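UniProt numbering puts the first residue of the sequence shown at 1, with every later residue one more than the last.
Cβ coordinates follow ideal geometry from the N, Cα and C atoms, glycine included.
Nothing here was measured: the structure is a model prediction, and the numbers come from that model.
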Amino acid sequence: MNIEKHLILIDDEDKTESISHCAYENGKWQINFGKDKTYFYHYSKVKCFKEPDLRYPTTTDVYYNDQPLSGIEKILVFEQHIRICFASGYKKIYKSQEIRFEESCLNNPNASKRFEYLKQLAEIVSISSDENSSFLSNQYKKISKVNSNSVLAKYLNPTILNSQLNGYLPIFPFGFNLSQKDATEKALANPISVIEGPPGTGKTQTILNIIANAIINEKTVAIVSNNNAATANVLEKLEKYGVDFIAAYLGKNENKKEFFANQAKIYPDMSSWVINEQDYDIIRKSIETSGKQLEDMLKIKNTNAILKQELAALKVEKEYFDKYYNEASKSILAYKSLYKHSSNIVMNLWLEYQLMMETCTDITLIYKLKNLFRYGIISFSFYKNSNEEMIAFFQKLYYDLKEKELNEQIKRLTERLENYQFDVAIKKYSEESMKLFKATLVKRFSKNKERETFTADALWKNIDSFNREYPIILSTTHSLRSCISPDYLFDYVIMDEASQVDIVAGSLALSCARNAVIVGDLKQLPNVVSNSISKESNRIFEKYQLNKAYHYADNSMLSSITGLFNDVPRSLLKEHYRCHPQIIGFCNQKFYNNELIILTEDDGRKNPLVAYKTVKGNHARGNYNQRQIDVILQEVLPYQTDNDPKQTVGVISPYRLQTDKVKESIGTRNIEVDTIHKYQGREKDVVILTTVVNEINSFVDNPNLINVAVSRAVDKLVVIISEGEKKAGSNIGDLVRYIEYNNFEIINSSIYSVFDLLYHDYSDRLLALMKKKKNVSHYESENLMYIVIEKVLNLPEFNYLDCVLHQPLKMLIRNSEKLDPSEYSFTMNVLTHTDFLIFNKSDKSPVLAVEVDGYEFHANNPKQLERDKLKDTILKKYDIPILRIKTNESGEEAKLYDKLIQSLKAKEQSLDS
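Structure (structure tokens):
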């Protein structure tokens with residue numbers, strides 16, 4: 001009988017093909033086999049089914065006991081029985097409870113449309129296989145269905161991502177910190193998670209911990225990257241701990257051939273890894289307890305590191321302040337107090353005095369008595385100082401006390417960590433976690449003495465057995481799908497350096513797993529898209545009209561995922577372990593909003609940042625600059641490196657031609673020269689950056705490029721620029737300003753740098769006080785204006801600017817030669833201040849003064865109008881732009897934005913002239 005229309009089971013055995021006739025008559029089954037006589041069967045012996053439901057293998061994945069079946073030609077569903085016909089000619093009957101169907105997500109029209117878009121993109125993206133044809137395009141042509149449980153299905157049809165918490169408490173055999181712990185837990189609990197890993201924050205360590213916990217839970221993991229070095233780094237770390245035998249390094253054909261040719265036929269000696277159940281439970285409970293204690297101590301360690309960052313910044317600013325103080329102040333009478341004063345109390349004294357002097361001309365007895373009873377100040381002779389001297393004293397004392405307090409806090413926390421023996425405790429925790437991980441491997445792999453070996457066809461014929469032996473697969477992103485059978489799904493795919501993975505190659509990897517961990521950094525270099533491909537991909541994108549997160553030229557896999565899924569769990573790895581604090585400090589301030597916690601130490605290393613500026617002139621010839629090469633050979637290498645054979649030195653540039661010319665000039669020296677793009681993910685003790693160009697352009701000044709370039713240097717960064725590159729608002733310009741500020745090279749004859757830390761603390765206290773004094777109209781208007789300023793400065797184009805309140809003109813104007821007597825008198829009055837001062841965070845240089853003019857207070861007050869005019873004149877003489885906002889007008893946000901743009905352009909032109 002026709003097996004596509006009938007299923008006849010006799011004693012539960014399929015006899016359909018051998019039966020020519022089947023009928024149920026008189027309470028019995030009458031069955032003919034060919035032309036033979038009729039056989040009679042009791043009704044309970046025979047089951048007969050007709051007209052099955054059809055399932056299509058082109059749109060349906062089939063799983064037998066949760067393992068994928070491949071090579072299927074037909075699927076026939078006869079009620080509780082399923083006949084599957086394979087392309088090989090083999091046919092088998094399964095019970096419905098043994099089979100699970102997964103419909104392809106491409107049955108959804110929206111998902112299908114997006115997949116067709118990716119398929120068209122694959123035809124133009126130039127990754128070639130060994131046969132020199134379009135590898136990606138061929139991969140996409142082989143895909144007729146996309147498993148609805150795969151991450152690609154979620155990517156093609158974005159929905160809310162639901163957590164899948166399983167109550168399992170992860171362990172960290174490779175060590176951990178707070179943000180790595182958070183990232184690992186989110187990765188194990190969510191179908192898609194994102195780990196943003198700035199330079200030197202331990203991405204690989206986090207990946208290893210995710211792998212370990214997945215393996216403990218009997219899951220399979222694929223680690224992919226466009227960069228072979230990234231996956232090789234994971235394998236290298238597994239080798240270091242002796243657990244690399246569970247990983248297969250596949251990907252391109254060359255790697256596959258090498259792996260299958262050199263398979264180990266025996267397991268490593270795991271006898272020392274054996275732990276009995278009782279000891280296993282003891283260790284597990286021990287690390288649960290110690291893990292909670294370590295988490296508390298890690299918080300202390302991070303707090304200590306943040307305090308050290310604050311202290312380092314304070315010391316630099318204090319040195320600048322001391323210069324100002326020594327230049328601007330005479331001998332000042334100090335006060336004596338019955339109580340010990342903190343920097344907070346001194347700040348309160350300053351603020352209260354400042355506000356009192358704005359309304360009173362003389363110090364009252366009531367004020368002196370209040371200070372006596374509240375602050376214990378017993379020396380009334382202190383009040384003989386002038387206003388300027390009083391405030392300067394409070395400021396000086398604030399710096400001194402703040403530095404002392406920070407040192408004491410750091411000392412206390414350091415002692416607490418030492419008493420706890422933090423380094424010993426974290427090492428013990430990691431070692432005990434590793435024991436549990438290895439004990440799990442013993443249970444899994446010590447059953448057989450000899451190890452099963454495989455041929456390359458096992459990847460599509462026997463992938464389940466292969467993955468039992470090798471639960472970790474390492475591959476390039478675009479090759480992963482060619483490493484497994486079409487219907488197979490890993491439990492996890494971990495995509496490293498995802499900011500350099502394009503959405504076409506990345507989607508192939510996402511089609512191979514149920515869960516994905518996307519690891520990368522949006523602040524580092526993205527995948528490079530050529531102009532021709534960008535133009536062609538734009539045409540395809542416009543044709544399909546999709547969400548901008550699918551735009552090929554504008555997105556990496558990382559930015560696409562974060563753009564598509566607003567609810568995707570994201571973890572920022574904050575703790576930094578690589579660079580000198582001042583080196584990574586620039587990246588932290590400029591690109592990471594000061595979110596990084598710098599755990600490296602200064603160790604007394606001097607001038608970790610150095611800038612060389614070649615004399616102004618047209619030294620660049622196309623994409624190379626011989627003058628900068630001469631500086632490297634004649635000025636940098638002889639003096640800025642230690643000539644220590646252990647010290648690694650690298651020269652980097654945005655341009656390939658420049659690196660080629662440098663290589664020719666350096667000769668056989670042990671110095672690695674390459675482009676910044678090629679250096680991503682690498683590091684050197686000393687890095688020399690040659691920018692090449694005479695004038696900054698968008699390619700050289702790209703923020704991601706500068707971030708990568710700076711963060712390659714561990715101990716020292718030497719930057720070589722042309723004189724014309726210190727452009728206002730540019731990333732390179734800000735880097736040079738940062739270097740000059742931290743090396744105390746900012747010697748400006750006209751103005752001081754803004755005292756950032758001092759006036760931020762002051763501004764915070766003043767704002768809090770303003771909010772309480774709602775009855776004073778100008779306080780309310782300044783509060784509202786501060787909100788506007790914060791909003792504008794949060795725009796990406798102004799992320800290098802900051803703002804403080806009430807910066808005195810006296811603390812801005814350094815050289816008074818430009819002032820006439822009345823201007824000088826006005827400026828030197830410490831009560832004369834800007835309402836707001838916007839400044840560049842890199843070198844604390846003023847950018848724009850903002851004044852809020854209350855209508856009643858200014859328009860009907862001739863004296864105030866005269867003071868406003870005087871202030872405007874003084875600021876103009878020192879090239880500090882000013883914006884006046886009237887409270888009876890509107891459009892403050894637009895006015896501030898336009899004035900900032902105008903001021904920055906004017907500053908840029910003045911630097912160029």
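So, under 8 Å CB-CB, residue i and residue j are touching, yes? Tell me the CB distance rounded to an integer number of Å.
i	j	result
M357	N387	6 Å
N704	Q658	No, N704 and Q658 are not in contact; Cβ-Cβ is about 19 Å, not under 8 Å.
Q500	N226	5 Å
L7	P52	7 Å
G520	G197	7 Å
Y878	I813	6 Å
L235	Y249	6 Å
T220	D491	5 Å
L314	L757	6 Å
F394	L349	6 Å
A509	V529	Going by Cβ atoms, the distance from A509 to V529 rounds to 19 Å, so no, they are not a contact pair.
V151	I192	6 Å
V649	T641	6 Å
Within the continuous alpha helix (DSSP H) that includes residue i, where are the two ends?
i	result
Y639	Per DSSP, Y639 belongs to no alpha helix (DSSP H) and is neither H nor E.
F135	F135 to K141
K404	N387 to Y420
F826	P821 to M828
P68	Unbroken run through P68 is the beta strand (DSSP E), Q67 to L69; no alpha helix (DSSP H).
H760	D756 to K772
H677	I676 to Y679
S534	N531 to Y544
Y552	Where Y552 is concerned, there is no enclosing alpha helix (DSSP H), given that its DSSP letter is neither H nor E.
D802	Segment L801 to L805 is the beta strand (DSSP E) holding D802; no alpha helix (DSSP H) there.
Apply the 10 Å Cβ neighbour rule to residue i and answer buried if 16 or more other Cβ atoms are within range, or exposed otherwise.
i	result
Q589	buried
A247	buried
D457	exposed
T289	exposed
Y24	exposed
H81	buried
H42	exposed
N775	In this predicted model, N775 has a pLDDT of only 49, less than 50, meaning its place in the structure is not dependable; the value taken from the coordinates is given anyway. Answer is exposed; the Cβ neighbour count stays below 16.
I282	exposed
S653	buried
V804	buried
For residue i, collect the residues of the same chain with a Cβ closer than 8 Å to its Cβ; drop the 5 residues on either side in sequence, then sort them by chain order.
i	result
L831	Q354, M357, E358, N387 and P808
D602	A312, H580, P581 and Q582
Quick check on the DSSP output: the beta strand (DSSP E) that includes residue i runs from which residue to which?
i	result
P581	First-last for P581: P581 to F591, but that is the alpha helix (DSSP H), not the beta strand (DSSP E).
K50	V46 to K50
V519	A513 to G520
W29	K28 to N32
Y492	F490 to M495
A611	L609 to T614
E25	H21 to E25
G291	Note, G291: premise wrong, no beta strand (DSSP E); alpha helix (DSSP H) at E277 to A328.
S507	First-last for S507: I503 to L510, but that is the alpha helix (DSSP H), not the beta strand (DSSP E).
Suppose the cutoff is 6 Å on Cβ atoms and the five residues either side in sequence are ignored; what does the same chain contact list for residue i look like?
i	result
V100	Strictly speaking, residue 100 in this sequence is Arg, with Val absent from that position. The answer, listed in chain order, is Y63.
I518	V194, M495, A498, L558 and I561
F591	K523 and N707
S20	N32 and G34
I111	In the sequence as presented, Ile is not what sits at residue 111; that position holds Ala. So the list reads C105, L156 and N157, once near-sequence residues are dropped.
D14	I93
I363	Y383
Beta carbon of residue i: closer than 7 Å to some heavy atom of the ligand FAD?
i	result
V517	This structure lacks the ligand FAD; in fact it carries no ligand of any kind.
Using a Cβ-Cβ cutoff of less than 7 Å, which residues in the same chain neighbour residue i once the five nearest sequence positions on both sides are dropped?
i	result
S133	Residue placement at S133 is poorly supported in this model, since its pLDDT is 49, which falls under 50; the coordinates are not used for a value here.
Q30	A23, T38 and F40
N108	N157
Hey, which unbroken runs of the beta strand (DSSP E) at 3 residues or more fall wholly within the UniProt domain "DUF2726" (832 to 900)? Residue ranges of uninterrupted beta strand (DSSP E) with 3 or more members, entirely inside the UniProt domain "DUF2726" (832 to 900) and ordered along the chain, are 836 to 840, 846 to 853 and 882 to 886.
Any chance you could list the beta strand (DSSP E) runs of at least 3 consecutive residues sitting entirely within the stretch 69 to 98, in chain order? The qualifying runs are 72 to 78, 81 to 86 and 91 to 95.
Return the chain-ordered ranges of every alpha helix (DSSP H) run that is complete within the stretch 189 to 270 and spans a minimum of 4 residues. Scanning the stretch 189 to 270 for uninterrupted alpha helix (DSSP H) segments of 4 residues or longer gives 203 to 216, 228 to 240 and 253 to 261, listed from N- to C-terminal end.
Identify every run of the alpha helix (DSSP H) within the stretch 676 to 741, keeping only runs that are complete inside it and at least 4 residues long; order them along the chain. Taking 4 residues as the shortest admissible run, the stretch 676 to 741 contains the following complete alpha helix (DSSP H) segments, listed from N- to C-terminal end: 676 to 679 and 703 to 711.
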